[in-house]
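Under the working numbering, read the sequence shown as residues 1 to 161, first letter to last.
Here is the structure we will look at, set down as structure tokens.
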Amino acid sequence: MRQLPGYDPCINHYVPAYFNRVEVKEAIHARVNRHWSACASNLHWNWKEAPVSMVPTLSWLVHNGLRVWLYSGDMDDVCPIRATRYSVQDLNLTITKPWRPWYTPANEVGGYIQQYKGGFTFASVRGAGHLVPSFQPKRSLVLFYSFLKGVLPPAVSLWQP
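Below, the structure is given as structure tokens:
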């Protein structure tokens, strides 16, 4: 089996082991007598035929002055990037910086990015599946760092943080 670079197939073992430690539960103010799992079976969703759209929530956040970055892995088969782009289009925001590539410190195209009026930014992450940081941790870090700094990731291939 071919393994993706930077992806740890044992993550499903490490994360529950970490979050089920008593000191971690206490630190995050969780109930120490409960077992943590990634997918809790005790939640009962009133699932109909489609999930609830996040477009109204994203619109509210942007129109109330919050800076929002939405990203999508270009290999995500759970929430395909095309569907995410349709949702972004439904926000009816004005493009301020058109779709362009962004680069990593390794001088690789990390994905593509587009900025909109009101502080909304949409980015793709090249080679990432649904859990973007699991599939592309270094590229995810570039996006996260850029978000915290309040700047778009580099548009040229020579990047110095």
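Built from N, CA and C at the ideal position, the CB exists for glycine as well.
Excluding five sequence positions before and after V88, the CB atoms of its chain that fall closer than 6 Å to its own CB belong to F122, given in chain order. Proximity to Y112 across K97, M54 and A106 peaks at K97, based on C-alpha coordinates. Remark: C-beta atoms of D76 and G110 do not approach each other more closely than 7 Å. Look at L70 here: in three-state DSSP terms it is strand. Contact check for P153 against W102 passes: the beta carbons are separated by less than 7 Å. Where P98 is concerned, the enclosing beta strand (DSSP E) starts and stops at I95 to Y103.
For L143, the number of other beta carbons within 10 angstroms of its own is at least 16, and it is reported as buried. Taking 7 Å as the cut-off, the Cβ atoms of K117 and L148 do not count as close.
Pairing V55 with R85, the inter-Cα distance amounts to about 11 Å.
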